[in-house]
Amino acid sequence: NKRLHRLYWTITISKELVAVGSGLSGEDFLRNIEQQSGIILDVGDNHFQFAHLTYQEYLTAKYIFDHKTTLEALLIENIEKVWWDETIRLYVAMTDATNIIQACLNRYPDIHAYSLALDCLAEALKVDPGLRLHVDQTLAKNMNSDNLELRSLTAEAMLTSRLVLDVYKRQRSKLAIVDDGIAKHKA
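As structure tokens, this is what we get:
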């Protein structure tokens, strides 16, 4: 969670309040949010931060989405930085993720970027069908490769990726829990 000075918050908020025609000052709005919602916290020394990092990540993703033509490049520049992962995932859930996924794949053999590409593929609102097919075919080819290093890299990226959770959910939906707590495949 990034701490920001009260002045930064009030200036930023004031601009938006003017744009929507609100009669509140940035300072009043900040105070109301702090006292009534708990979304932001006064952490002392005239600094505030979001109560939970997810608020910050979502609002950042939404801001980048609203200014996509100029700011999507910021996400691409920060693909290697784990701190940006959730913001990137939230962003691709709002839009076409083709550019982000391609940028991740261009950083091959970076495991982090490769697994982020797989996450984005799973969570994106939209992806170019040709890129989706290419990724699927590449995964299948790499997993069947005689090259142990390539197979290991691909497997590690897949395991690191949230796709594992999707596979687990699909497998779980095929299981029936019987009285003795043993899971068996549904017929």
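Here the numbering used here runs 86 ahead of the position in the sequence shown, where the first position is 1.
Ideal placement from N, C-alpha and C gives every residue a C-beta, glycine not left out.
Check: Straight-line gap, L261 to E242 (C-alpha atoms, nearest Å); Outcome: With a pLDDT of 47 at L261, under the threshold of 50, the modelled position of this residue cannot be trusted; read the value that follows with caution. Distance between the alpha carbons of L261 and E242: 26 Å.
Check: Outcome for V178 when other beta-carbon atoms lying within 10 angstroms are tallied against a minimum of 16; Outcome: buried
Check: Cβ neighbours of L116 in the same chain (closer than 8 Å, five flanking residues each side left out); Outcome: R92, W95, T96, I99, I126 and F134
Check: Cα-Cα separation between K88 and E143, rounded to whole angstroms; Outcome: 11 Å
Check: 8 Å contact criterion, which I187 and L160 should meet: CB distance rounded; Outcome: With a Cβ gap of about 16 Å, I187 and L160 do not count as contacting.
Check: Stretch pair the stretch 215–226 + the stretch 164–180: three plus CB contacts closer than 8 Å; Outcome: no
Check: C-beta atoms of A203 and I162 nearer than 8 Å; Outcome: no
Check: DSSP three-state assignment for K167, whether helix, strand or coil; Outcome: coil
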